[in-house]
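Working notes, structure below.
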Amino acid sequence: MSATLENSVVLDEAAGVVRILDRRVFPSRVEWVDATTPDEVASAIRDMVTQSSGPLYAATAGMGLAALQARGLPLGEARTALGRAGRALATARPTNAHPRDAVARILEAGRDADDADALVSATLDTARAVDRDYREASLRLGRATLSLLPESPRILTHCWADAYLFGLVAAAREAGREIEWIATETRPYLQGARLTAHSLRELGQRVTLITDGMAAAALASPRGVGSGPIDAVVTAADRVALDGSVVNKVGTLAHAAAAAAFGIPYYAMIEAPDPGAPTGDDVVIEDRDPTEVLEVLGRRTASPLVTEAWYPAFDVTPPRLVTRIATSRGTFEPSRVGEHFSTDPEASATEPPTPALRRRRSRENPAPVASTAQPETIAFRPVNARSDEDSE
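Positions in the sequence shown are counted from 1; adding 841 to them yields my numbering.
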């Protein structure tokens, strides 16, 4: 059993194009966008044709396309072309670090190539390896996350976790366990309603959809959603700083604060924290076109009299609202997430995950309300057009 979105970016080497499933219209329409240059791939990332893990897959495919188009060029020109492609792909959406890291690894693989053919080969091979390794890491991440959850958990998730979602579902199947999902719709692109809920149903999962504004009520309710009270909030993260700050789709902060207020754990999933971000303040928060708030899926929903809107695409959840962070190397307290880098990569794979040793919430025994300080005001910053990374 698989989901349509598990393989939604394809490098067609014969045709010389990168084909990207258009997640802006999925699942009502299944349409593919053909990108014939790395710049077009970067534009597809920037225009939200693909999101979550999609930009990483698109960046690796875009670098593969750049390598194919560099065949026959002198070595110096080929390097310049790959460096230019890398800059465009790595900076298309600055908050998500996965494309940046993927491009850096791919470019590094060709540093010692002594002719254009060797450079092209190293680029293509490494691009394929990055894609494969990310999928494998997502399964290890799923196993680590599963170890935090009770036997048959009910979890609330926000936005679209992509490969991390697939890794968690696969880990649960591997362990013979079932998860019940509550998904927020996730305005304004409705990724939760369209992508998360659809993919979970394709995978045979039980999922209940709620609007974004219902999350706090769902977390507070002793009656719960679906078959009972919610056990945990679990989301992916676009970036995790070394201090344990979690950067994810805007709305995550509100759900984490509500979870803390009602004694429910919030777990964030990330392949690895970002060593280049000591704190959440070091992550650039992308401000998108406010028109996207005035409409939904291309159709205006706001009054024609309304002309002002604001759309920070991400928010920053401070470490004190994060219970634990799961990575591909295990689970960590927020303040110690940097220990990911000194942890044996194989350690989390030595034993199958077992349910967390904590009593599951029930209608008869809901979690107590916890006293929680109000979250700090987050100052959203405009995108800095200058990239700090030199990809050449």
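From the three backbone atoms N, C-alpha and C, an ideal C-beta is built for every residue, glycine too.
- Under the 8 Å Cβ criterion, the region 912 to 926 does not count as touching the region 1062 to 1072, having fewer than three qualifying pairs.
- Of the residues Glu1180, Val850, Val1157, the one whose Cα lies closest to the Cα of Arg973 is Val850.
- The beta carbon of Ala1061 lies closer than 6 Å to those of Phe1103 in the same chain, with the five residues before and after it left out.
- Here Val971 carries a helix assignment [DSSP, helix/strand/coil].
- By the C-beta criterion, the region 938 to 954 is judged to be in contact with the region 898 to 915, since at least 3 inter-stretch pairs fall below 8 Å.
- Between the region 982 to 1001 and the region 878 to 886 there are fewer than three C-beta pairs closer than 8 Å, too few to call the two in contact.
- Judged by their CB atoms, Pro1029 and Val1134 are nearer to each other than the 8 Å cut-off.
- The closest CA to that of Asp955, considering only Glu1019, Gly1121, Leu916, Thr936, is found on Leu916.
- DSSP, reduced to helix, strand and coil, places Leu990 outside both helices and strands of the structure shown, so it counts as coil.
- Here Thr1052 has Thr1025, Glu1026 as same chain residues with Cβ atoms under 8 Å from its own Cβ, once five neighbours each way along the sequence are excluded.
- Within the DSSP secondary-structure output, Asp1079 pairs in no beta bridge.
- Straight-line measurement puts the Cα of Ala855 at about 44 Å from the Cα of Gly1085.
- In this model, Ala908 and Asp880 are separated by some 13 Å (Cα to Cα).
- Counting other Cβ atoms within 10 Å of its Cβ, Gly857 stays below 16 and is therefore classed as exposed.
- In the three-state DSSP reduction, Ile996 falls in the strand class (E or B).
- Excluding its 5 nearest sequence neighbours in each direction, Arg946 has C-beta neighbours in its own chain below 8 Å: Thr967, Val971, listed in chain order.
- The Cβ neighbour count for Asn848, taken over all protein chains shown within 10 Å, is under 16; the residue is labelled exposed.
- If you check the CB distance, Ala1109 and Val1081 come in under 8 Å.
- The region 1150 to 1159 and the region 1126 to 1140 touch, with no fewer than 3 CB-CB distances between them shorter than 8 Å.
- Given a length threshold of 4 residues, each whole run of the alpha helix (DSSP H) inside the region 1004 to 1040 is given here in chain order: 1004 to 1015.
- Pairing Phe1007 with Ser988 gives a Cβ-Cβ distance that is not under 8 Å.
- In the DSSP assignment, Asp880 falls within the alpha helix (DSSP H) that extends over 879 to 887.
- The alpha helix (DSSP H) runs lying completely inside the region 925 to 971 and spanning 4 residues or more are 939 to 950, given in chain order.
- Contact check for Arg1165 against Thr1184 fails: the beta carbons are separated by 8 Å or more.
- Comparing alpha-carbon positions, the option among Arg864, Ala876, Leu948 lying closest to Arg928 turns out to be Leu948.
- DSSP places Met1110 in the uninterrupted beta strand (DSSP E) bounded by 1107 to 1110.
- With at least 16 other beta carbons inside 10 angstroms of its own, Ser1040 counts as buried.
- Every beta strand (DSSP E) of 3 residues or more that sits fully in the region 1144 to 1169 is shown, in chain order, as 1155 to 1158, 1165 to 1168.
- Between the C-alpha atoms of Asp1123 and Arg976 there is a straight-line separation of about 27 Å.
- Under DSSP, the beta-bridge partners assigned to Arg1047 are Glu1021.
- A direct Cα-to-Cα measurement between Val1048 and Ser993 gives close to 13 Å.
- Only exposed fits Phe1182, as fewer than 16 other CB atoms lie within 10 angstroms of its CB.
- With fewer than 16 other beta carbons inside 10 angstroms of its own, Asp853 counts as exposed.
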